[in-house]
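Enquirer: Residue numbers (this note's numbering), protein chains in the order written: chain A, 1 to 170; chain B, 171 to 418. Below are the structure tokens for one structure; questions will follow.
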Amino acid sequence: MPTPNIDDDLRTMLPRLRRFALWLARDVHAADDLVQSTIERALSRWKSRREEESLRAWLFAILYRQFLDGKRRATRYAQLLGSLSSDEPTWPSAERVAVAHSTLAAFAALSPEQRSLLIWVSVEGLSYQEVADILGVPIGTVMSRLSRARRALRQLGEGDPQSPSLRLLK
Amino acid sequence: MNLTPPSEHDIHAYVDGHLDDPRRSQVERYLSRHAEQADEVHGWRHDAQQLRTLLAGDLAPAPALDPSRVRERVRRRRFVRMGMAAGIVLCLFVGGIAGWAARGIGSGDAPMADAMQAYRLLAVDRGVGMDITTGNENDLRAWLSGRVGQDVRLPDLADAGFRPIGGRLFATNEGPAAMVLYDDGSGHTVSFYVRPPGPARHFLPRGAREDDGLLANYWSEGGHNYAVVAVADAAGRQAAERVTGKAI
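Set out below in structure tokens:
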């Protein structure tokens, strides 16, 4: 019976999924909802997963798609109501302290796709090919988007005069 | 010395530490001669390290997200949903059966119970409360066709000793009903009752039943439901038989 193994595999991925979800949604509750629906979907689609696909990339892809779907629904709903909800991040108090750090503040200000790219590549160490598969774009496109994301993070981080990263650079 | 600028791929791979030694030194050689790009690339590398460090913090544990708990929750939700679906199906089924069983109800539980009610109301008092009091069959026929239907046939029971004494209209759920009361001059009365079948088009098989001392014969013909009601004694039975025999 493969069930315990599936659960164990998913369990080891939970912290990474939660971290990714938190930085994607920038809201603890929304992040937990995202992770839960990702786990649900992973459980129901476990058999359709291709062997050679890494579990990590597969789960990130599911979570990212869930996030985009949710955002699309929210936008449509907001348009129905005649007003676009503000994109202000709602941070739990603990994370608000962390965001005070300039690099994190800059990171939080990037677009969701740029945040995802940087987490996948810089933090999680996914291969460029895996990222290309998740986003469904050629690898060259991943490269140019990665350049743009890294440049944006640099600019936003340096725009802050109190940025400690400036001093660290010297 | 090769000074062609490294590809975008190689620059990122350099930042992320994916390059093998020869290609890494190639990139480093290039950057050492291009200070501006070197600044940017080193900045990227610094940012990547920062992100790794800053995002490494542990989140508070969330036992609710454990796969076994999620699995359990999905199972429970599916069970509840199946229960609800089964409940809806059951409601439709019971409602459908009950509705089908109750399709004739509206005038009472039994066929033409309204006819028996009408008889009780009028015949006992020998015609008190009639809408029309006449022994003239032509008048009664005209009265009937104007109110219940053109093609209602009034039975002629003269040879059985019964003469009409009048009629009365009733409002029923199925539409206007009319009753014509016959009398044989020696204390026996028979009622002839007719009404439309109602929106449910509920026609009756020929039948008879006794209820509380009354006898009812009923049938459907030409788009109307008919009943003949009399007291359930020998004279009443005989009279009713004659009426139904005439009406067929």
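Glycine included, each C-beta is placed from N, C-alpha and C at the ideal position. It should be emphasised that the depicted structure is a prediction, and the values quoted were computed from it without experimental measurement.
Is B/L235 close to chain A, meaning its C-beta is less than 8 Å from at least one C-beta of that chain?
Expert: Within the second sequence, residue 235 of chain B is the residue found at index 65, counting from 1. True, the Cβ-Cβ gap to chain A drops below 8 Å.
Enquirer: By Cβ distance, which residues of its chain are closer than 7 Å to A/D7, with the 5 residues on each side in sequence left out?
Expert: The residue labelled residue 7 of chain A in the question sits at position 7 within the first sequence. Once the five neighbours on either side are set aside, A/D7 has no close Cβ partner at all.
Enquirer: Touching or not, the stretch 239 to 256 of chain B and the stretch 356 to 372 of chain B, by the rule of three or more beta carbon pairs under 8 Å?
Expert: no
Enquirer: List, in chain order, every chain B residue whose beta-carbon is nearer than 7 Å to that of A/F107.
Expert: For this step, residue 107 of chain A is matched to residue 107 along the first sequence. Result: L221.
Enquirer: Excluding the 5 residues preceding and the 5 following A/T38 in the sequence, name in chain order all residues of the same chain whose CB lies nearer than 8 Å to its CB.
Expert: On the first sequence, residue 38 of chain A is found 38 positions in, with the first residue counted as 1. Answer for A/T38: L17, A21, L59, I62, L63, Q66, listed in chain order.
Enquirer: Taking A/S144 as the query, report the chain B residues whose CB atoms sit under 7 Å from its CB, ordered along the chain.
Expert: For the purposes of this step, residue 144 of chain A is taken as residue 144 along the first sequence, with counting starting at 1. Per Cβ cutoff of 7 Å: E178.
Enquirer: When you compare the CB of B/A218 with every CB in chain A, is at least one pair closer than 8 Å?
Expert: Working through the second sequence from its first residue, we reach residue 218 of chain B at position 48. Closer than 8 Å: yes.
Enquirer: Give the straight-line distance between the Cα atoms of B/R215 and B/D186, rounded to the nearest whole angstrom.
Expert: Here the question's residue 215 of chain B lines up with position 45 in the second sequence. Here the question's residue 186 of chain B lines up with position 16 in the second sequence. Rounded to whole angstroms, B/R215 to B/D186 spans 7 Å at the Cα level.
Enquirer: Report the neighbours of B/D186 on chain A: residues whose CB is nearer than 8 Å to its CB, in chain order.
Expert: Along the second sequence, read from residue 1 onward, the residue named residue 186 of chain B stands at position 16. Ordered by position in chain A, the residues that pass the 8 Å Cβ test against B/D186 are V121, S122, G125.
Enquirer: Kindly identify the DSSP beta-bridge partner or partners of B/I258.
Expert: Stepping through the second sequence from its first residue, residue 258 of chain B is reached at position 88. Residue pairing from DSSP leaves B/I258 without any beta-bridge partner.
Enquirer: Please check the pair A/L156 and A/R56, which I expect to be a contact at CB under 8 Å, by giving their CB distance rounded to whole angstroms.
Expert: Translated into positions along the first sequence, residue 156 of chain A becomes position 156. Translated into positions along the first sequence, residue 56 of chain A becomes position 56. Not really, about 27 Å apart at Cβ, beyond 8 Å.
Enquirer: Would you list, in chain order, the members of the stretch 7 to 24 of chain A that have their beta-carbon closer than 9 Å to a beta-carbon of chain B?
Expert: Sequence-ordered contacts of the stretch 7 to 24 of chain A with chain B read D7, D8, D9, L10, R11, L14, P15, L17, R18, R19, L22, W23 [C-beta pairs closer than 9 Å].
Enquirer: Going by DSSP, what residue range makes up the alpha helix (DSSP H) through B/T359?
Expert: Taking the first residue of the second sequence as 1, we reach residue 359 of chain B at position 189. No alpha helix (DSSP H) contains B/T359, which is instead part of the beta strand (DSSP E) from 359 to 365.
Enquirer: Taking its Cβ as the centre, do 16 or more other Cβ atoms sit within 10 Å of A/I232, making it buried, or is it exposed?
Expert: Since the first residue shown for chain A is 1 and the last is 170, residue 232 of chain A is missing from the structure and cannot be characterised.
Enquirer: Which residue or residues does DSSP assign as beta-bridge partners of B/V302?
Expert: Numbered from 1 along the second sequence, position 132 holds the residue referred to as residue 302 of chain B. In the sequence as presented, Val is not what sits at residue 302 of chain B; that position holds Ile. B/I302 is bridged by DSSP to B/G337.
Enquirer: Given this structure, state the Cα-to-Cα distance separating B/T414 from B/G299, to the nearest angstrom.
Expert: The residue labelled residue 414 of chain B in the question sits at position 244 within the second sequence. The residue labelled residue 299 of chain B in the question sits at position 129 within the second sequence. Roughly 25 Å separates the two Cα atoms.
Enquirer: At the level of alpha carbons, what is the spacing between B/E198 and A/R148?
Expert: One-based indexing of the second sequence puts residue 198 of chain B at position 28. One-based indexing of the first sequence puts residue 148 of chain A at position 148. In this structure, the straight-line span from the alpha carbon of B/E198 to that of A/R148 is close to 21 Å.
Enquirer: For B/N343, which three-state DSSP category applies?
Expert: Numbered from its first residue, the second sequence carries residue 343 of chain B at position 173. Looking at B/N343 - three-state DSSP - the assignment turns out to be coil, as it is neither helix nor strand.
Enquirer: If you follow the alpha helix (DSSP H) that B/W313 is in, where does it begin and where does it stop?
Expert: Along the second sequence, read from residue 1 onward, the residue named residue 313 of chain B stands at position 143. Looking at the DSSP string, the run of the alpha helix (DSSP H) that includes B/W313 is 307 to 317.
Enquirer: Exposed or buried, which one is A/S116 when buried takes at least 16 other CB atoms within 10 Å?
Expert: Indexing the first sequence from 1 puts residue 116 of chain A at position 116. The residue is buried, with at least 16 neighbouring Cβ atoms inside 10 Å.
Enquirer: List, in order along the chain, the chain B residues whose C-beta lies closer than 7 Å to that of A/S147?
Expert: Residue mapping note: residue 147 of chain A aligns to position 147 of the first sequence, counting from 1. Chain B residues near A/S147: E178.
Enquirer: Starting from A/E53, trace the beta strand (DSSP E) in both directions and tell me its first and last residue.
Expert: The residue labelled residue 53 of chain A in the question sits at position 53 within the first sequence. From DSSP, A/E53 is part of no beta strand (DSSP E); its letter is neither H nor E.
Enquirer: What's the C-alpha gap between B/D217 and B/V250?
Expert: On the second sequence, position 47 is the one that residue 217 of chain B refers to. On the second sequence, position 80 is the one that residue 250 of chain B refers to. Spanning the two alpha carbons is a distance of roughly 49 Å.
Enquirer: Just to make sure I have the definition right: I need the residues of chain A whose C-beta is within less than 8 Å of the C-beta of B/L229. Which are they?
Expert: For the purposes of this step, residue 229 of chain B is taken as the residue at position 59 of the second sequence. Result: P15, R18, R19, L22.
Enquirer: Quick check: the Cα distance between B/L324 and B/G383, rounded to an integer number of angstroms?
Expert: Along the second sequence, one-based indexing puts residue 324 of chain B at 154. Along the second sequence, one-based indexing puts residue 383 of chain B at 213. So the alpha carbons of these two residues sit roughly 25 Å apart.
Enquirer: Going by CA-CA distance only, name the one from A/P138, A/L14, A/F107, A/A74 that's closest to A/R150.
Expert: Within the first sequence, the letter at position 150 stands for residue 150 of chain A. Comparing Cα-Cα distances from A/R150 to each of A/P138, A/L14, A/F107, A/A74, the minimum goes to A/F107.
Enquirer: When the distance is taken between beta carbons, is B/Y388 closer than 8 Å to B/G406?
Expert: The residue labelled residue 406 of chain B in the question sits at position 236 within the second sequence. The residue labelled residue 388 of chain B in the question sits at position 218 within the second sequence. Not closer than 8 Å, so no.
Enquirer: With DSSP as the reference, label A/S102 as helix, strand or coil.
Expert: Within the first sequence, numbered from 1, the residue matching residue 102 of chain A stands at position 102. Three-state DSSP puts A/S102 in a helix.
Enquirer: Could you pull out every residue in the same chain whose Cβ sits closer than 7 Å to the Cβ of B/R194, ignoring the five residues on either side in sequence?
Expert: For this step, residue 194 of chain B is matched to residue 24 along the second sequence. Only Y184 meet the Cβ criterion.
Enquirer: Count the other C-beta atoms from every protein chain shown that fall within 10 angstroms of the C-beta of B/V182, then say buried if there are 16 or more, exposed otherwise.
Expert: What you label residue 182 of chain B is simply residue 12 of the second sequence in a count that begins at 1. According to the sequence as given, residue 182 of chain B is His; it is not Val. Buried, because 16 or more other Cβ atoms sit within 10 Å of the Cβ of B/H182.
Enquirer: Based on the DSSP output, what are the partners of B/G377 in its beta bridges?
Expert: Taking the first residue of the second sequence as position 1, residue 377 of chain B is located at position 207. Its beta-bridge partners are B/Y388.
Enquirer: Exposed or buried, what is B/P176 when buried is set at 16 or more other beta-carbons lying within 10 Å of its beta-carbon?
Expert: The residue labelled residue 176 of chain B in the question sits at position 6 within the second sequence. With 16 or more other Cβ atoms within 10 Å, it is buried.
Enquirer: Mind listing the chain A neighbours of B/R248? Cutoff is C-beta to C-beta under 9 Å, in chain order.
Expert: In the second sequence, the residue the question calls residue 248 of chain B occupies position 78. Correct list: empty, because the minimum Cβ distance to chain A is about 10 Å.
Enquirer: Counting only beta-carbon atoms, is A/V35 nearer than 8 Å to chain B?
Expert: In the first sequence, residue 35 of chain A corresponds to position 35, counting from 1. Chain B, which has a Cβ nearer than 8 Å to the Cβ of A/V35, makes this yes.
Enquirer: Does the distance from the CB of A/S48 to the CB of A/E130 come in under 8 Å?
Expert: For the purposes of this step, residue 48 of chain A is identified with residue 48 of the first sequence, where counting begins at 1. For the purposes of this step, residue 130 of chain A is identified with residue 130 of the first sequence, where counting begins at 1. No, these two residues do not count as a Cβ contact at 8 Å.
Enquirer: Am I right that B/G392 and B/D321 are in contact with their C-beta atoms under 8 Å? What's the rounded C-beta distance?
Expert: Translated into positions along the second sequence, residue 392 of chain B becomes position 222. Translated into positions along the second sequence, residue 321 of chain B becomes position 151. That pair is a contact at about 5 Å.
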